[in-house]
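The block underneath contains the structure these notes are about, expressed in structure tokens.
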Amino acid sequence: MSRLIAFIGLMLTITTIQAADCDWPQWQQFAEDYIAQGRVIDGSDSRQITTSEGQAYALFFALVANDQARFKTLLKWTEQHLFDGDMTATLPAWLWGKSEQNWQVLDTNPASDADVWMAYTLLEAGKLWDNARYKTLGYLLANRVSKEESTEIPGFGKQLLPSSHGFVSKQQVYRINPSYLPLQVLDRLANLLPHSAWPEIRDNSAKLLPQLMPMGLMPDWAELAEGKIKLSGTVGSYDAIRTYLWAGMLHSEHPERSTLLAKMQPMLALTKKHTAPPEKTQVISGQASGIGPYGFSAALLPMLTASNKSELAKHQKARVIEGLANSPVHTDYYNRVLSLFALAWPERYQFSQTGELQTDWSKACK
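In mature numbering (1 follows the signal peptide of the UniProt record, and there is no 0), the protein residues as written are -19 to -1, 1 to 347.
Shown next, in the form of structure tokens:
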């Protein structure tokens, strides 16, 4: 009970804290609960796993927090264990954890969502902290992702695949994950690497995303084949919820923002109808089932704000605060991450119209 009371007090502080303050209590609590010796541990899996996604997100949050010491520790662990000791030579393995009695890489495949966020964060850290090594690593990783994790899809142009292999069938059916395509991140990579494949990937992603939502609901996965989109029986849930988060955080003058927000309004309507975001949506029929966890409510906060749904946003934020106060320690990684993204925006960080990270560090923090 004492921990619950303390956590509620901490979260109330979060709702009123000024962006110029050096401390970020929610990030500090997450680091205490989920980060050990530079790795983010998802305790909901008995193998005590660490994913490249978790490392990438934590690096981003450390940058937003101006937490250079923890950023360095996170990056060191990531390089040693996911990049096999050399970030310039390969893409990171996406999964690390315990196998029987050994701690090791459990799956060597890379995951492009993590790789994109990691490259972006390294490039922004290089700029904001004037660190040449971070900037170099960011450029090298971004180039490798564009070359190894993208492909030309008939009818859709150059697109980012979920990994370097395993998502193209022998029948030339291409499987993609829309939540791997945060436009502000792709914008920035396209601007910083104009002579790479990133400008094309960015433009084609922007065209594709609205086409994936015939009923205004984003799928977790989609298949592209013979110039057509295949969505039959497709569900939107734990992956797709991030697409609403990325769209909501786009700059107010971003060229795709109004189109995406208008297209995604059915998700807000379902949230209002059920008083919380649905856990699953059928993207063809528009039907919804279940109630999503509080992390889903967090993911919708930026879009609710951008759509001027103040009352619904207030209700969802209260649900997030309550969820955080009662969340189990060490086993609630995903909800906590979604909440970190949502509650810190736009006070602690924003994205410019071209995707550049904008932080609100005070002079004292610098």
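Every residue, glycine too, gets a C-beta built ideally from N, C-alpha and C.
Asked	Found
Count the other CB atoms, across all protein chains shown, that sit within 10 Å of the CB of Arg329; report buried if there are 16 or more and exposed otherwise.	buried
Check whether the segment 130 to 148 and the segment 111 to 121 touch, using three or more Cβ-Cβ pairs below 8 Å as the test.	no
What are the partner residues of Thr262, as DSSP defines its beta bridges?	Gly217, Ala269
Under the rule that 16 or more other beta-carbon atoms within 10 Å means buried, what is Gln152, buried or exposed?	exposed
Where are the alpha helix (DSSP H) runs, 4 residues long or more, that stay fully inside the segment 155 to 209, in chain order?	164 to 173, 179 to 192
For Val86, collect the residues of the same chain with a Cβ closer than 6 Å to its Cβ; drop the 5 residues on either side in sequence, then sort them by chain order.	Ala74, Trp77
According to DSSP, simplified to helix, strand and coil, what is Phe64?	coil
Between which two residues does the alpha helix (DSSP H) carrying Asp88 extend?	Premise fails: Asp88 lies in the beta strand (DSSP E), 83 to 88, not in any alpha helix (DSSP H).
Quick one: give me the first and last residue of the alpha helix (DSSP H) that Trp98 is part of.	93 to 109
Determine the direct distance from the alpha carbon of Glu337 to that of Val45, and round the result to whole angstroms.	12 Å
Three or more beta-carbon pairs under 8 Å between the segment 163 to 177 and the segment 100 to 111, yes or no?	yes
Below 8 Å on the Cβ atoms is my contact criterion, and I expect Trp342 with Asn47 to pass it. Report the Cβ-Cβ distance as a whole number of Å.	5 Å
Along the chain, where does the beta strand (DSSP E) containing Lys139 start, and where does it finish?	138 to 141
Going by other Cβ atoms of all chains shown within 10 Å of its Cβ, with 16 needed for buried, is Thr(-7) buried or exposed?	Summary for Thr(-7): the model assigns pLDDT 45, below 50, so the residue's position carries little reliability, and this model does not support an answer.
Got a sec, what are the start and stop residues for the beta strand (DSSP E) Leu76 sits in?	76 to 80
Since Ser131 is in the beta strand (DSSP E), which residue starts that stretch and which ends it?	131 to 134
In whole angstroms, what is the alpha-carbon distance linking Ala250 and Lys244?	12 Å
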